[in-house]
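Residue numbering for the sequence shown follows our numbering, starting at -18 and increasing by one per position. Step one of this worksheet: look at the structure below.
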Amino acid sequence: MKQKLHDFALAAISRHIAEHPQAADTLEGIYLGWISWDDAAGDASAPLQLAATQTALQELAQRGVLEVRRVGSGQVWRSHRSTGALD
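Rendered as structure tokens:
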């Protein structure tokens, strides 16, 4: 079940980034806004869905697709961008 949720979140986040390359959001924002959990098979609880979102984000960051930035006391996930003077 966990792997299926992870794969579902990974695919949804990847699609969202492909369609909106400048998108950036918090873990909670991605969980609530980027992933249509109603389309996921099964009756997974919100904590399991949130955990799957987190592991999918971490995997995409390890692959170099996403990066995480500290903003205030929180974190924002976004497409990986090269570091430049205006970044």
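C-beta atoms are modelled at their ideal positions from N, C-alpha and C, and glycine is treated no differently.
* To do: Classify S60 as helix, strand or coil using the three-state DSSP reduction.
  => Translated into the one-based positions of the sequence shown, residue 60 becomes position 79. DSSP places S60 in strand when its eight states are reduced to three.
* Assumed close pair A(-10), A33 - CB separation to whole angstroms, cut-off 8 Å -> Taking the first residue of the sequence shown as position 1, residue -10 is located at position 9. Taking the first residue of the sequence shown as position 1, residue 33 is located at position 52. The pair is a contact, with the Cβ atoms about 5 Å apart (cut-off 8 Å).
* Asked: Taking Cβ to Cβ, would you say T36 is nearer than 7 Å to H1?
  -> Within the sequence shown, the letter at position 55 stands for residue 36. Within the sequence shown, the letter at position 20 stands for residue 1. Cβ distance not < 7 Å, so T36 and H1 don't count as in contact.
* Asked: Given I(-2), which residues of its chain have a CB within under 6 Å of its CB, disregarding the five upstream and five downstream residues?
  -> Counted from its first residue, the sequence shown places residue -2 at position 17. Within the same chain, I(-2) has close Cβ partners S60.
* Asked: Any idea what DSSP makes of G14, helix, strand or coil?
  -> The count along the sequence shown starts at 1 and reaches residue 14 at position 33. Note: G14 maps to helix in three-state DSSP.
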